[in-house]
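First to last, the sequence lines map onto chains A and B. My numbering applies: residue 1 is where the first sequence begins, and numbers increase by one. My numbering applies: residue 551 is where the second sequence begins, and numbers increase by one.
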Amino acid sequence: MTPEVSRRALLLGSAGVAGGTALVGCSAPETSTEDLPVRIHANDATTFQPSFNPYAAGSLQGPHGLIYETLQLSSPMDAENPVPWLATEVAWNEDGTVLTVHLRDDVRWTDGEVLDAEDVVFTYEMIRDNPATNGLALAVAGATALDATTVEISFSTPTFVQQADVCSRPIVPEHVFSTFDPGAEQIAEPMGSGPYRLERFSDQLYTFVRNDEHWAAEEFEPRRLAFPSFTTQTMNTALQAGELDWSGGFISNIDKVFVGHDPEHRGYWYPGAGVVNLTLNLERELWQDLDLRRAISLAVDRLEIAEVAYMNYFGPPHPTGLPRPTFEEYIAEEFQDLEFAVDLDEANRLLDAAGYEAGEDGIRVAPDGTPLSFPLQIPSTYNDWVTVAQILGTQLRRIGVELTPRGISFENWVEAHRSGNYDVTITTAAAGQNPWYLYRALLSSEYRSDDGEPVTANFQRWYDEESDELLSEYSTTEDPEVQREALAGLQHLMVERLPVLPIVIAPNWFNYNTADWTGFPSAEDPYALGSPVEAGSRVMILHRLTRTGS
Amino acid sequence: MRFLLKKLALYAFIAWAALTLNFLIPRLMPGDPVQVLIAASEGQLTPEAAEAIKAQFGITDDPLLVQYLAYLGDLARLDLGVSLSHFPVPVSDIISGAMPWTLGLVGVATVISFLLGTGLGVLLAWRRGTWSDHVLPALTFLNAIPYFWMALILVLLLAVTLGWFPYAGGYDRTMFPELALPFIGSVLYHAALPALTIVIGSFAGWVLQMRNMTVTVLGEDYVSMAEAKGLPRRTVLFGYAARNAILPSITGFALALGAVVGGSMLTEVIFNYPGLGYTLFQAVSAQDFPLMQGLFLIISLAVIAANLIADAAYVVLDPRTRQGA
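Below you can see the structure in the form of C-alpha cells.
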C-alpha cells in the first residue's frame with residue numbers, strides 16, 4: 001500500500017502529477033551568487049493576494065517575526081530558553097500577572113522612526129481593546145511605559161506559562177497602526193522594524209530583502225528571501241527539481257522522490273508537533289468504561305500504523321502524549337522508557353472480565369446490549385487518516401471491536417466532533433509552546449460548553465476535577481519544581497486513565513535542500529522547529545543560515 | 551423592439567432570482583468557516599483564536615431577512631465583501647485578479663474551438679459521403695473522452711514526464727509581471743497546454759453539431775432551389791445552408807462564452823491555473839462564503855448576459871424571430 005497523504009484538500013487526480021518521477025520545470029534565470037535568494041515554500045496557494053498584516057487571519061507567511069519583530073524568539077523545541085530579541089530582558093512579578101520588559105534602545109522602523117516603549121504599549125493595548133487582534137486569547141489587562149525602553153504588561157490572570165505567546169506577538173508601529181482598524185486592514189506594503197522588508201510582490205512570487213539598517217543585519221547572511229507560490233500538489237515537483245531550499249508539507253515516498261536525487265544536500269526532519277488521537281466520545285456512557293478504553297489501546301499497534309500509513313517518517317507516539325523529541329525533556333522520569341505495547345491476550349481478558357461477550361459474528365456486545373460496532377468518522381480528504389482508520393479497523397477486529405471507517409466531508413467532520421455528534425473519531429491536538437498547551441487542549445474543562453453548543457477543544461469531553469487542578473497548578477507558578485510535579489500528575493492521568501488514545505504523532509513537516517544554504521535544524525542540531533510557518537523558529541533559522549561551501 | 555423589451559424584463563427577473571439563490575445557498579451549507587479555518591490550520595491557529603477570527607470576519611447572527619437586505623444594499627454599492635480565506639482582502643480584488651487569466655485562457659480557447667469546430671463541421675457536411683465521413687468516428691471518440699482524464703494524461707505525458715510544458719501556474723515563478731517579451735512568452739508558454747486540452751476536449755462537439763445541422767439544412771427545399779437557380783456553391787453553402795444551420799450553435803456558443811467566466815474549473819484545477827475556476831474551487835474548500843458568493847454572482851450574471859446576447863444575435867441572424875415578435 002502506498003498511501004498518498006495530503007493534509008489539504010486533495011485535488012482530483014493530483015496524485016498522478018505528484019507521483020511523476022521526471023525532473024520538470026525551467027530553472028531560474030541565473031542571479032549573481034551574492035544575491036542568491038533562500039527559496040521558501042510557506043503558503044499553500046496558487047496565487048497570492050498582497051496581504052501582510054500580521055494580525056489578520058488570512059495574511060501571507062513572512063511578516064510575523066521577519067518584518068514585524070517580537071520581544072523574544074521562542075521555539076517549542078527549546079521552550080525554556082527563549083532568545084532575547086526586541087526585549088533584552090523580561091521578568092515576571094511574583095504571581096505572574098505583571099511582565100516587566102526591557103527593550104533594546106537601537107531599534108528603528110524602516111521609515112526612520114524609533115521603536116520605543118510607546119509602540120510596545122500600543123501593541124498590547126491593541127490586543128486588549130481589539131478582540132480581533134487577540135488571536136491567542138491573552139488576558140492582557142494593561143500596558144504602561146516606565147521609560148523609553150521599559151514596559152510593564154499586566155494580565156488579569158497568572159500568565160507564566162504563556163510567556164512564549166506574550167513575547168511572540170508582532171510589535172507594530174503606533175504611528176501607522178493607529179490610523180486604521182488593525183484587525184481588518186489589508187496591508188499591501190508592510191513597514192516594520194525587522195531584519196527583512198518586502199521587496200517585490202506579484203501574485204505568484206514575493207521577495208523580502210535584508211534591512212541593512214537593522215541592528216542584527218550583519219548576522220543575517222541571506223540577502224534575499226523568495227516565497228514562490230506552490231500548492232501541496234505542485235510543491236513536490238518543484239522540490240524534486242531543486243527549485244526550493246526550504247519547505248513544509250508531506251511528500252510521499254520522500255527518500256526516492258526527493259532525497260534520492262541529491263542525498264548529500266537534501267533531507268527532512270519531522271519532530272512531533274502534536275498528537276493524533278483516537279477520540280472516544282466520553283459523554284456516551286459506554287466509553288466511560290476505562291477497561292474498554294484500555295483494551296482498545298492494548299489492541300492498537302502504533303508501530304504498524306507509523307510504518308504503513310506514514311512510511312516510518314517518525315516513530316509511534318509516547319503514552320503521555322508528549323511529542324518527541326520536541327517535549328522529550330518534560331517526560332517524567334518513570335515514563336521515560338515507557339512505550340505503548342500491544343497485548344491482545346490482556347485486552348481480551350479485560351473485555352471478558354468486564355462482561356463484553358462475543359456475539360455470533362465475533363463482535364462483542366456490551367453488558368447493556370450495545371454491540372461494539374461503530375462507524376469511525378474521518379474526513380475523506382485526509383488520505384493518511386483513511387489509511388490509519390483502515391488499519392485500526394483490522395487491528396481492533398482482533399478483540400471483537402468493529403470500527404468501520406466512514407469518510408465524511410471535512411466540514412461534517414469538524415461539525416461532528418465539535419458538537420459531540422459521534423461515537424469514535426480521530427482528532428489532533430497541537431503541541432503548542434509547551435506541554436501545558438497540549439494538556440489544556442486535551443483535558444481542560446474550560447472548553448466545556450452549555451448543552452449542545454459546539455466545543456473548540458477537548459473533543460472527547462474529558463471533564464475531571466483532578467485534571468483541572470493540575471493544569472491550574474502548572475499555570476500559576478514559575479517554580480520549576482511545582483511545574484514538574486503538576487506535569488508528572490498530568491502524565492500519570494494520560495497513561496493510567498486514557499482520556500484519549502494517542503495513535504500517531506502530528507509532525508512538524510520540514511524538508512530542506514542545502515545545495516545553496518546550510519544551517520537548518522536537524523535531529524543532530526535540534527535548535528528549532530523546521531517548518532517555515534513557525535514564526536519564532538523561522539527567524540532563528542534564517543539567523544543561522546550560511547552559503548554552502550563558504 | 552417589443553421582443554427585446556420582453557426579453558429584458560425576463561432577464562431582470564432571472565437575475566434577481568440568481569442573486570437571491572446566491573444569497574441563500576452558502577447559508578444553507580453545513581459548517582462554520584471559523585472552525586474549518588482553525589481545523590485546517592493544523593495547529594497554527596489555536597482554539598483560542600476562534601473569538602478573534604469571528605470578530606475579524608464580522609460574522610453575525612442577524613435574522614436572514616436583515617442579512618438579505620444588507621446583502622442587496624452591498625451589491626447596489628458594488629461591494630462584494632471581504633474574503634475569509636484571504637482575510638482581509640476584498641472579494642472584488644481577488645475576482646479582478648483572477649478574471650484576466652480565465653478570460654485569456656478559457657475565452658480564447660473557447661473561441662478557437664468554436665471557430666475550428668464549426669468551420670470543420672460545415673466542411674465535413676459539404677463533403678459528406680466521401681473520405682471525410684471516416685473522420686466522424688474519431689471525432690465521436692474525442693467528444694466522448696472525459697475531459698479530466700484526457701487532460702491528466704496530457705499533463706502526465708507532456709509536462710511531467712517529457713517536461714515540454716510547465717505543469718502549473720500562469721507564468722514562471724521567478725518572474726514579475728511586466729510588459730516585456732520574456733514575461734509574455736512565459737504566459738503563452740504556460741497557457742499553451744491547458745488551452746490545447748480545452749480545444750481538444752470541446753471542438754469535436756462543435757464539429758458534430760455543425761455537420762449534422764448543415765446536412766439537415768442541405769436537404770431543405772430552399773437549398774435545392776438555390777442550387778437549381780445556379781448560385782455559386784460557396785453562396786449556397788454559406789449564405790443558405792450554414793447561416794441557418796449555425797443558429798443552434800450560436801446559442802451553444804453564447805452559453806459557452808457565458809460559462810467562460812466561471813472558468814473551466816477542471817482545467818484550472820488540473821493545471822493549477824490562477825483563474826476564476828481555481829479560485830472558486832479554493833473558496834469552496836475553505837468555506838469562504840463571501841468569495842463564493844462573489845464568484846457565483848459574476849458567473850451567473852455572465853451566463854445571463856451571454857443569453858441576452860444570444861437572443862439579440864438571433865434577431866439579427868434569423869428574420870423569423872423579428873416577425874414573430
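All C-beta atoms, glycine included, are put in the ideal place defined by N, C-alpha and C.
(Q) With the cut-off set at 8 Å, would you say residue 110 of chain A and residue 139 of chain A are in Cβ contact? (A) no
Q.
Could you compute how far the alpha carbon of residue 870 of chain B sits from the alpha carbon of residue 794 of chain B?
A. 11 Å
Q) Quick one, which residues of the stretch 630-643 of chain B are near chain A if we go by CB-CB under 8 Å, in chain order? A) 632, 633, 634, 635, 636, 637, 638, 639, 640, 643
Q. Whose C-alpha, out of A:485, A:61, A:283, is nearest the C-alpha of residue 333 of chain A?
A. A:485
Q.
My assumption, with CB atoms under 8 Å, is that residue 308 of chain A sits in contact with residue 426 of chain A. Please give the rounded CB distance.
A. In fact, because the Cβ distance is near 15 Å, the residues do not count as touching under 8 Å.
Q. What are the partner residues of residue 196 of chain A, as DSSP defines its beta bridges?
A. A:210
Q: Check whether the Cβ atoms of residue 512 of chain A and residue 245 of chain A sit closer than 8 Å, and answer yes or no.
A: yes
Q) Under a CB-based cut-off of 8 Å, is residue 572 of chain B close to chain A? A) no
Q) Is residue 134 of chain A close to chain B, meaning its C-beta is less than 8 Å from at least one C-beta of that chain? A) Yes, its Cβ sits closer than 8 Å to a Cβ of chain B.
Q. What in chain B is Cβ-close to residue 203 of chain A, meaning under 7 Å?
A. 647, 824
Q | Option in B:585, B:575, B:657 with minimal Cα separation from residue 807 of chain B | A | Nearest C-alpha to residue 807 of chain B among B:585, B:575, B:657: B:657.
(Q) Any C-beta of chain A within less than 8 Å: which residues of the stretch 699-728 of chain B qualify? (A) Residues 702, 705, 706, 709, 710, 711, 712, 713, 716, 717, 718, 719, 720, 721, 722, 723, 724, 725, 726, 727.
Q. Where residue 331 of chain A and residue 291 of chain A are concerned, what is the direct C-alpha to C-alpha distance, given to the nearest angstrom?
A. 25 Å
Q: Please classify residue 579 of chain B: is it buried, with 16 or more other beta-carbons within 10 angstroms of its beta-carbon, or exposed?
A: exposed
Q. Assuming residue 414 of chain A contacts residue 586 of chain B under a Cβ cut-off of 8 Å, what Cβ separation, rounded to an integer in Å, is found between them?
A. With 8 Å as the limit, residue 414 of chain A and residue 586 of chain B qualify as a contact, their Cβ atoms being about 6 Å apart.
Q. If the cut is a Cβ gap below 8 Å, which residues of chain A does residue 777 of chain B touch?
A. Those do not exist, as residue 777 of chain B stays about 51 Å from chain A at its closest Cβ, beyond 8 Å.
Q) DSSP state of residue 55 of chain A, grouped into three classes? A) coil
**Q.** Residue nearest to residue 522 of chain A in terms of C-alpha spacing, selected from A:234, A:267, A:259, A:170
**A.** A:267
Q. Applying the criterion that 16 or more other CB atoms from any shown protein chain within 10 Å of the CB defines a buried residue, is residue 508 of chain A buried or exposed?
A. buried
Q. Does any residue of chain B bring its CB to less than 8 Å from the CB of residue 74 of chain A?
A. no
Q) Hey, quick one: how far does the beta strand (DSSP E) through residue 102 of chain A stretch, first residue to last? A) 98-103
Q) Are residue 143 of chain A and residue 120 of chain A closer than 8 Å when you measure CB to CB? A) yes
Q: Report yes or no: is there a C-beta of chain E within less than 8 Å of the C-beta of residue 418 of chain A?
A: Among the chains of the structure shown, chain E does not appear; the protein chains present are A and B.
Q) Per DSSP, residue 403 of chain A forms a beta bridge with which residues? A) Per DSSP, A:374.
Q | residue 169 of chain A versus A:184, A:179, A:153, A:176, residue with shortest Cα-Cα distance | A | A:153
Q: Tell me whether the beta-carbon of residue 378 of chain A lies closer than 8 Å to the beta-carbon of residue 194 of chain A.
A: Result no, Cβ atoms of residue 378 of chain A and residue 194 of chain A do not sit closer than 8 Å.
Q.
Check for me: the beta strand (DSSP E) holding residue 416 of chain A runs from which residue to which?
A. Per DSSP, residue 416 of chain A belongs to no beta strand (DSSP E); it is in the alpha helix (DSSP H), 410-419.
Q: Quick one: residues in its chain with C-beta nearer than 8 Å to the C-beta of residue 335 of chain A, no 5 flanking neighbours on either side, listed in chain order?
A: 318, 319, 320, 491, 495
Q.
If I follow the unbroken alpha helix (DSSP H) through residue 624 of chain B, where does it start and stop?
A. 614-626 is the extent of the alpha helix (DSSP H) around residue 624 of chain B.
Q: Over the uninterrupted beta strand (DSSP E) stretch that includes residue 142 of chain A, give me the two end residues.
A: 140-147
Q. What residues from chain B crowd round residue 51 of chain A, counting only those whose CB sits closer than 9 Å?
A. 636, 637, 638, 639
Q. In chain B, which residues lie less than 9 Å from residue 200 of chain A when you measure between Cβ atoms?
A. For the C-beta of residue 200 of chain A, the chain B residues within less than 9 Å are, from N- to C-terminus, 726.
Q) Given that a residue counts as buried once 16 or more other Cβ atoms are within 10 Å of its Cβ, and exposed if not, what is residue 384 of chain A? A) Answer is buried; the Cβ neighbour count reaches 16.
Q.
Just verifying my parser: in three-state terms, what is the DSSP assignment at residue 73 of chain A?
A. Of the three classes helix, strand and coil, the one that applies to residue 73 of chain A here is strand, per DSSP.
Q: Could you name each continuous beta strand (DSSP E) segment of 3 residues or more that falls completely within the stretch 324-381 of chain A, going from the start of the chain to the end?
A: Qualifying beta strand (DSSP E) stretches, in chain order: 373-379.
(Q) Classify residue 21 of chain A: buried if its beta carbon has 16 or more other beta carbons within 10 angstroms, exposed otherwise. (A) Caution applies to residue 21 of chain A, whose pLDDT of 32 falls short of 50 and renders its modelled position unreliable; the model cannot decide the point.
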